Structures are given as C-alpha cells and as structure tokens.
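Undergrad:
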Amino acid sequence: MEKFETLTGIAAPLPLVNVDTDMIIPKQFLKTIKRSGLGVNLFDEMRYDREGNENPDFVLNQPAYRDADILISGENFGCGSSREHAPWAIKDFGIRCVIAPSFADIFFNNCFKNGILPIALPQEQVDLLMKEAEKGQNARMTVDLENQTITTPDGTQVTFDVDPFRKRCLMEGLDDIGLTLEKGAAIDTFESGAQATRPWM
Amino acid sequence: MSPKTLYDKIWDEHVVHEAEDGTCLLYIDRHLVHEVTSPQAFEGLRMAGRTPRAPEKTIAVPDHNVPTDPTRVDGIKDEQSRIQVEALRANAKEFGIEMYDVDDNRQGIVHIIGPEQGWTQPGMTIVCGDSHTATHGAFGALAHGIGTSEVEHVLATQTLIQQKSKNMLVKVEGTLPPGVTAKDITLTIIGRTGTAGGTGHVIEYAGSAIRELSMEGRMTVCNMAIEGGARAGLIAPDEKTFEYVKGRPHAPKGAQWEMAVEYWKSMRSDEGAHYDKVVEIDASEITPVVTWGTSPEDVLPIDGSVPSPEDFQGGKVDAARRALEYMGLEPGTRLSDIEIDTVFIGSCTNGRIEDLREVARIMEGKKVKDGLRAMIVPGSGMVRLQAEEEGIAQKLQDAGFEWRMAGCSMCLGMNPDQLAPGERCASTSNRNFEGRQGYKGRTHLMSPAMAAAAAITGRLTDVRDLA
Numbered sequence: 001m002e003k004f005e006t007l008t009g010i011a012a013p014l015p016l017v018n019v020d021t022d023m024i025i026p027k028q029f030l031k032t033i034k035r036s037g038l039g040v041n042l043f044d045e046m047r048y049d050r051e052g053n054e055n056p057d058f059v060l061n062q063p064a065y066r067d068a069d070i071l072i073s074g075e076n077f078g079c080g081s082s083r084e085h086a087p088w089a090i091k092d093f094g095i096r097c098v099i100a101p102s103f104a105d106i107f108f109n110n111c112f113k114n115g116i117l118p119i120a121l122p123q124e125q126v127d128l129l130m131k132e133a134e135k136g137q138n139a140r141m142t143v144d145l146e147n148q149t150i151t152t153p154d155g156t157q158v159t160f161d162v163d164p165f166r167k168r169c170l171m172e173g174l175d176d177i178g179l180t181l182e183k184g185a186a187i188d189t190f191e192s193g194a195q196a197t198r199p200w201m
Numbered sequence: 001m002s003p004k005t006l007y008d009k010i011w012d013e014h015v016v017h018e019a020e021d022g023t024c025l026l027y028i029d030r031h032l033v034h035e036v037t038s039p040q041a042f043e044g045l046r047m048a049g050r051t052p053r054a055p056e057k058t059i060a061v062p063d064h065n066v067p068t069d070p071t072r073v074d075g076i077k078d079e080q081s082r083i084q085v086e087a088l089r090a091n092a093k094e095f096g097i098e099m100y101d102v103d104d105n106r107q108g109i110v111h112i113i114g115p116e117q118g119w120t121q122p123g124m125t126i127v128c129g130d131s132h133t134a135t136h137g138a139f140g141a142l143a144h145g146i147g148t149s150e151v152e153h154v155l156a157t158q159t160l161i162q163q164k165s166k167n168m169l170v171k172v173e174g175t176l177p178p179g180v181t182a183k184d185i186t187l188t189i190i191g192r193t194g195t196a197g198g199t200g201h202v203i204e205y206a207g208s209a210i211r212e213l214s215m216e217g218r219m220t221v222c223n224m225a226i227e228g229g230a231r232a233g234l235i236a237p238d239e240k241t242f243e244y245v246k247g248r249p250h251a252p253k254g255a256q257w258e259m260a261v262e263y264w265k266s267m268r269s270d271e272g273a274h275y276d277k278v279v280e281i282d283a284s285e286i287t288p289v290v291t292w293g294t295s296p297e298d299v300l301p302i303d304g305s306v307p308s309p310e311d312f313q314g315g316k317v318d319a320a321r322r323a324l325e326y327m328g329l330e331p332g333t334r335l336s337d338i339e340i341d342t343v344f345i346g347s348c349t350n351g352r353i354e355d356l357r358e359v360a361r362i363m364e365g366k367k368v369k370d371g372l373r374a375m376i377v378p379g380s381g382m383v384r385l386q387a388e389e390e391g392i393a394q395k396l397q398d399a400g401f402e403w404r405m406a407g408c409s410m411c412l413g414m415n416p417d418q419l420a421p422g423e424r425c426a427s428t429s430n431r432n433f434e435g436r437q438g439y440k441g442r443t444h445l446m447s448p449a450m451a452a453a454a455a456i457t458g459r460l461t462d463v464r465d466l467a
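Chains A and B supply the protein sequences, listed in that same order. When you line the first sequence up against the working numbering, it's residues 1 to 201, in that order. When you line the second sequence up against the working numbering, it's residues 1 to 467, in that order.
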C-alpha cells in the first residue's frame, strides 16, 4: 500500500450530506475485475451528462479543482454499499484525504486499506475548512498525519484524531494480510479450541 | 462477571488476538462471496502466492450481475457481467470453494441462500463483500459487509482486523396494526433515527413485536440495519430460529444438533446488559410507510404529504431540495396521489417466500393496473420453485406480474433490470439513492403489501384501504 505521511494540495468543497457510494461510483462501473482506472468515473452522474459531456458546475470540473487532492464534504459520507470501488475511484482520481463530520462505517474502513485518510471533524471545523476550500486556486491545505494536523491557507491549524493502529499502517504502508499471517499460530490455536467447543461450525 | 449483550458474547467468542490498543483479530465462521466485489481479492491472493485458509467455510454465488430472464443459462450477453461471473466460477474452482452457479436451482441472492442452505446459524460471525450481509443477523449471528481488501484478508486468514462497535438497542414493543409489516418497522426505525443513527454501533432488535415476526420478517428488519448506519443488526435466536435452521442442508445434524441448540440458547443478552444507545418504539403506532426522497431516512406514513425543504434543518435542507427535484415531486402533494410506472418485488430485503405469499394475498381477485410494468423476482431458485409449487407463481402471473429468475435484479441496476430516466418505481428493495435502480430512475421504498397495493391502483396506495 502507498504510504501516507504528509499531503499538501487543493481541497475541493462538496457541501452535500449523505454522499452515497452510488454517487461516488455508479453501479455500471463495478463490472471491472481490476482496481485501477475508476478515477475518470468518480461522481460520474454528477460530473457528466448522459452523452459524457462535463457538467461545468460540478466542483471537480472547475479549473481550480481538477487536480484536487483533498475532498471536504457533509455528514455520513460514503453511506450505502460496501463497494471498495468507491475509495478506488477516489484514489485513482488523485484524492488521498476526505474530510467530513462523519463517515459510513464500511467506507471509512475501506479508505485505510487504500492509502486514503478519512478525517472526521466536528461540524464547525468542517464548516471552516469548507469555507477555505471555496477559495479555488488558493484552497491549498496540508494534512500532516504524523502530527495529526490540517493547516489551512491562512495558517490556521486544526487537529484531528486517528486510530493509532490505522495511523501506523498508513504511515508505513503496511500490508494488513502480512501482519495477520504473522499471527498464524494464534489462529491455529483458536481453530482447535473452536473445533472442540463448537464442532458444528 | 458483568452482564453481556448478545453482541458482546459473539464478539468475545471470536477474538483470536487483542492488541493493547483494543484492535482485535476476529475469527470468521462463514464467508459469502459474489461476483462483483471478489475478483480483485482473488487476484490479490494469486499475486501474493496465497491460498484461502478455510475454503470449506466459504461459498460463492453470482447474483448482482446475472440477468433474470430464463435465457440467461445460454450465456450472459453483457460482456463485462459475463467476465465477472466467469471469473467467480474460475476462482471458486481454483480455490475449492462451493459455488451455486447460474444454472443451479439453489442460486439466488447471497443473503437469501445463506440462510436457505443452512450456512447461516446463530452465534456465528459471517461476512460478505456486500453491505446487506446484516440480513443474517436475524439468526443471532454477527454479520456485516466488508470491502474487497477485507474479502482478501478473510480468504487468506479467516479473520478480520476489527475494532469493537458500541451496543445499541432498538426495542419495538406491542402489536403491529393490520397492514403493517416488518418492512414498515425497519423503515420507521430509519426514519426515526436517520441513516447515521446507528453509526459506530451494532443494533440489537428486541421487544415483543420483533419476537412475533417470522424469520423472514426478522431478516427484513436486520437487512436494513446498514441503511440505519449500523455495522450490523442482531436478533436473539429462539425456537423459531432453531425451527428454521433445522434440517437445512448445512445445518448441524444428530448429536451435533443437540449440542448446537444448547449453545444457541445461551446466545442472548443477559439481564441488565449495558447498551450505549436505546431507542424504543411502540409497535401500535407504526403505520404503512413509503419513502419520498433519495435517502432511506426520507420515510413518511402513506397518509402523509411530500415535505418542503423548509421542514428540515442544517445540511438536510439542501439535500431535501435536491431530492425533490430528482424525484420530480412538489411539496404538499399527497403521497397517495403519486402515480407510478413500475412495481419491483424482490431483493434481499423482500424476496423470500413469505413476501411473495403476501403479495399473492393482496392480489387475490385483483389485477395489475393496465400499462404498469410489474415484476416479481424471487430471491432464490428455491423460493421460485416453492412459489410455483404453492400455486402463487401462476396467480401472480395471471394478475399481470412478470415472473423472473432469481437475482438482485432491479434493486441495484447492475443487470438488464433497470429503470429508465424519470421512471417511477414502487420498490420492495432497500435503497432509493439517485441512480440506484437506473440512471435518473425514481424509487419509492415500501413493503411487499404496499407495492402490491400500488400495482393495483397505479399510485402509491395505503394497503389498508384495499381491505
């Protein structure tokens, strides 16, 4: 997994609540057997019309935000299906950090598995960052995972929480499966125990 | 020892390892795999030279992509869908995983066939790369959706790295009024608590109205725990649960059955167990409901009217405005005046035999309104066969419904069953998101009984008015 240490880039504002995974990547793009190439279809139904022409009003189509690295949105971001295609599309577009007041559980987990940092902040702080993100070319922010801070264009710093284990995995780009396989003996022991007490399972 | 909730018990029974910061390695008893969220996971295994740790605890079934017309056995026409189903077939074969293929009568929606084949049992941990895995919680199993990276993790290790969620209790006491079903319960709960109301929690549904539900009804309730934001939904197992599981192909047999039932009986919350959040609902106050907007929390009783954005606060004001525009609705319109084009009965929420029986009961002596497209998609081949044996299938076709093969169908529009732009659907599925059932399609969620009532009149209709 790609490491996440410090990210400096443009933050795009998407002030919608309940952004669902069907919005992030509509179902017709789930028919791939690869992880890559989904960025062009990120937010497809909001970003393009039926003929595939760009909707100029959509934030990621505006010149200042075409290369956004950070997305700022409303509460319950990523609700809906478990599709990991949602974070794959976000990452493939180039966004590596999503900031919102709250996230849906599965989406939140999926982000960490893909080198994306989801940050949940109180509504007032998201409102503040949203305002900063509306500054177009000047909406440059820095997300420092080690120190757990977001620095806005005018130098304001906001701190955030992150689970220590997930932080380490992101910073070191660790492979979860590799880490778990190191606990193979514990899994063996568990399975023998379960076989004795719950043999029908 | 302090009293534990059902969730606490299942969790504790499955912890393989706990780190100092509370991160746990949780053992997974059953892993369900479908064609859309698994190809990249199998590819990951291959690239790393890994193999599944317990293929016998894993089953595979194609459901999201498969067409529901009978000609599908001759091959899936859409190339990408066909490739995904072929990939699932090849992966299942390569790694020794049991597969219920498109031409198998036991094929169906993954969350319907798990219980049907007896794979789903109380006290288990069950995962699938699909958010509606919560369905299996109806058996008192801890069941939830995972992403594809986690699918790969479970395949390789039969475990998941997890942080424990909080406990939430949703208690529904009392008797449901006539015409009110499990779907109305679950939609009413989401309408009340919101789509983020359960975030960070596992919900246990309890109370006399939940106990009274059949296993099918309990599955409907737990299925939509995810729409309420919860990690999983749970209902403590009881005699109804044991009766449902007994004799199914993968259920415990003989002496192991007795052992299992003894164990399952302990799988209930202790008296005085602590819940971080409690919601109480009086069953007698629940009415038949429908959704009006593009979020499952946009729920109103059928005798209500379309709300105005000004009725809401905060970010929901803009969301409601956007939803009304998308849905083509004017504030103040009576819900029962909204005309529909299509009726969809099926999905992992409401594609079980009891749902089809209910639709047949409402349709008795009635017809689908002329000009409506009305389809019934049984949740599995076994449900389809049973409905045919019971004579329901014929009755429903005589009433004007299309009778389809099993699959996810129009619930998510990944197969040919889709809404056209602007087409309005009375749907028994679980999500009314923008574009969910087809580009610019308009979805109103409701119970099978309410969808049947809409099929008769051609508009959203209070099923109680048809009695």
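The beta carbon of each residue, even a glycine, is placed where N, CA and C say it ideally should be. Predicted, not measured: the structure shown is a model, and the values here were computed from it.
Express the C-alpha separation of Ile113/B and Ala41/B in angstroms, rounding to a whole number.
TA: Translated into positions along the second sequence, residue 41/B becomes position 41. Translated into positions along the second sequence, residue 113/B becomes position 113. Rounded to whole angstroms, Ala41/B to Ile113/B spans 22 Å at the Cα level.
Undergrad: So, are the CB atoms of Ser165/B and Gly200/B less than 8 Å apart?
TA: In the second sequence, the residue the question calls residue 165/B occupies position 165. In the second sequence, the residue the question calls residue 200/B occupies position 200. Yes, the pair counts as a contact, with Cβ atoms nearer than the cut-off.
Undergrad: In chain B, what lies closer than 7 Å to His64/A by C-beta?
TA: Position 64 of the first sequence, counting from 1, holds the residue named residue 64/A. Residue 64/A is actually Ala in this sequence, not His. Going along chain B, no residue has its Cβ under 7 Å from Ala64/A, so there is no contact; the nearest lies around 22 Å.
Undergrad: Helix, strand or coil, according to DSSP, for Glu354/B in the structure here?
TA: Stepping through the second sequence from its first residue, residue 354/B is reached at position 354. In the structure shown, Glu354/B sits in a helix (DSSP, three-state: H, G or I).
Undergrad: Keeping to the same chain, check which residues put their C-beta closer than 8 Å to that of Val261/B; ignore five residues upstream and five downstream.
TA: Taking the second sequence and counting its residues from 1, one reaches residue 261/B at position 261. So the list reads Phe242, once near-sequence residues are dropped.
Undergrad: Just to confirm, are Ile340/B and Ala360/B a CB contact at a threshold of 8 Å?
TA: Mapped onto the second sequence, residue 340/B falls at position 340. Mapped onto the second sequence, residue 360/B falls at position 360. No, these two residues do not count as a Cβ contact at 8 Å.
Undergrad: Could you list the residues in the segment 17 to 31 of chain A with a C-beta less than 8 Å from some C-beta on chain B, going in chain order?
TA: For the segment 17 to 31 of chain A, which is checked against every Cβ of chain B, the residues closer than 8 Å are Val17, Asn18, Asp20, Asp22, Met23, Pro26, Lys27, Gln28, Leu30, Lys31.
Undergrad: In the structure shown, what three-state DSSP assignment does Lys277/B receive?
TA: On the second sequence, residue 277/B is found 277 positions in, with the first residue counted as 1. Strand.
Undergrad: Would a check of beta-carbon distances place Met201/A closer than 8 Å to chain B?
TA: For this step, residue 201/A is matched to residue 201 along the first sequence. True, the Cβ-Cβ gap to chain B drops below 8 Å.
Undergrad: Do Asn430/B and Met267/B have their beta-carbon atoms positioned less than 8 Å apart in this structure?
TA: Start at 1 with the first residue of the second sequence, and residue 267/B comes out as number 267. Start at 1 with the first residue of the second sequence, and residue 430/B comes out as number 430. Going by C-beta atoms, Met267/B is not nearer than 8 Å to Asn430/B.
Undergrad: Secondary structure at Asn167/B, three-state DSSP: helix, strand or coil?
TA: The residue given as residue 167/B occupies position 167 in the second sequence. Asn167/B falls in the strand class under three-state DSSP.
Undergrad: Hey, is Arg16/B's beta-carbon within less than 8 Å of any beta-carbon in chain A?
TA: Your numbering for residue 16/B matches position 16 in the second sequence. The amino acid at residue 16/B is misidentified as Arg; the sequence shows Val. So, interface residue.
Undergrad: Going by the DSSP bridge assignment, what does Ile126/B pair with across the sheet?
TA: Within the second sequence, numbered from 1, the residue matching residue 126/B stands at position 126. According to DSSP, which records beta bridges pairwise, Ile126/B is partnered with Arg30/B, Ala143/B.
Undergrad: Using a Cβ-Cβ cut-off of 8 Å, state whether Gln386/B counts as contacting chain A.
TA: The residue given as residue 386/B occupies position 386 in the second sequence. Chain A contact via Cβ: absent.
Undergrad: What residues are listed by DSSP as bridge partners for Asp144/A?
TA: The residue given as residue 144/A occupies position 144 in the first sequence. Thr6/A, Thr149/A, per the DSSP bridge assignment.
Undergrad: Which of the three DSSP states is assigned to Ile83/B in this structure?
TA: The residue you call residue 83/B lines up with position 83 of the second sequence. It is helical.
Undergrad: Considering only the alpha carbon of each residue, which of Asp144/A, Asn138/A, Pro101/A, Asn114/A lies closest to Glu124/A?
TA: Here residue 124/A refers to the residue found at position 124 of the first sequence. The residue with the shortest Cα to Cα distance from Glu124/A is Pro101/A.
Undergrad: Going by beta carbon distance, what residues of the same chain come within less than 7 Å of Glu5/A, once the five residues before and after it are set aside?
TA: Numbered from its first residue, the first sequence carries residue 5/A at position 5. Correct list, in chain order: Leu145, Glu146, Met171.
Undergrad: Relative to the C-alpha of Gln107/B, which candidate in Arg384/B, Ala399/B, Arg424/B, Arg459/B has its C-alpha closest?
TA: In the second sequence, the residue the question calls residue 107/B occupies position 107. Taking only the C-alpha atoms, the option nearest Gln107/B is Arg384/B.
Undergrad: For the alpha helix (DSSP H) containing Thr457/B, name the first residue and the last one.
TA: The sequence position of residue 457/B within the second sequence is 457, counting from 1. Element bounds for Thr457/B: 448 to 457.
Undergrad: What are the partner residues of Gly233/B, as DSSP defines its beta bridges?
TA: What you label residue 233/B is simply residue 233 of the second sequence in a count that begins at 1. Gly233/B is bridged to Ile203/B.
Undergrad: Report the CB separation of Phe312/B from Ala320/B in whole angstroms; it is logged as a contact under 8 Å.
TA: Here residue 312/B refers to the residue found at position 312 of the second sequence. Here residue 320/B refers to the residue found at position 320 of the second sequence. Between Ala320/B and Phe312/B the Cβ distance is about 5 Å, and since that is below 8 Å, they are a contact.
Undergrad: Is Ile90/A near Pro13/A, with beta carbons less than 8 Å apart?
TA: The residue given as residue 90/A occupies position 90 in the first sequence. The residue given as residue 13/A occupies position 13 in the first sequence. No; because the gap between Cβ atoms is not below 8 Å, this pair is not in contact.
Undergrad: Kindly indicate which three-state DSSP category Arg166/A falls into: helix, strand or coil?
TA: For the purposes of this step, residue 166/A is identified with residue 166 of the first sequence, where counting begins at 1. Reduced to three states, the DSSP call for Arg166/A is helix.
Undergrad: Taking C-beta pairs closer than 9 Å, name the residues in chain B that Pro164/A reaches, listed in chain order.
TA: Counting from 1 along the first sequence, the entry for residue 164/A is found at position 164. Residues of chain B passing the Cβ test: Asp21, Thr23.
Undergrad: Measuring alpha carbon to alpha carbon, tell me which residue in Glu132/A, Thr149/A, Ala139/A is nearest Pro118/A.
TA: The residue labelled residue 118/A in the question sits at position 118 within the first sequence. Answer by Cα proximity: Thr149/A.
Undergrad: Report the residue from Leu412/B, Thr461/B, Pro416/B whose alpha carbon sits nearest the alpha carbon of Asp130/B.
TA: As a first step, residue 130/B must be located in the second sequence, where it is residue number 130. For the residues Leu412/B, Thr461/B, Pro416/B, the minimum Cα distance to Asp130/B belongs to Leu412/B.
Undergrad: Determine, for Ile97/B, whether the minimum Cβ-Cβ distance to residues of chain A falls below 8 Å.
TA: To locate residue 97/B, count along the second sequence from 1; it is residue 97. Not closer than 8 Å to any Cβ of chain A, the Cβ of Ile97/B fails to qualify, so no.
Undergrad: Below 7 Å between beta carbons is the criterion; list the residues of the segment 396 to 426 of chain B that meet it against any residue of chain A, in chain order.
TA: Taking 7 Å as the Cβ-Cβ cut-off against chain A, the residues of the segment 396 to 426 of chain B that qualify are Leu412, Gly413, Met414.
Undergrad: Span of the alpha helix (DSSP H) holding Arg218/B?
TA: Counting from 1 along the second sequence, the entry for residue 218/B is found at position 218. Where Arg218/B is concerned, the enclosing alpha helix (DSSP H) stretches over 215 to 223.
Undergrad: Against Asp161/A, what residues of chain B qualify as contacts under a CB-to-CB distance less than 7 Å, listed in chain order?
TA: Residue mapping note: residue 161/A aligns to position 161 of the first sequence, counting from 1. Those do not exist, as Asp161/A stays about 13 Å from chain B at its closest Cβ, beyond 7 Å.
Undergrad: Is the segment 4 to 24 of chain B close to the segment 55 to 67 of chain A, with three or more CB pairs under 8 Å?
TA: At 8 Å Cβ cutoff, the stretches do not touch.
Undergrad: Quick one: which residues of the segment 37 to 60 of chain A get their C-beta closer than 8 Å to a C-beta of chain B? List them in chain order.
TA: So the close ones are Glu45, Arg50.
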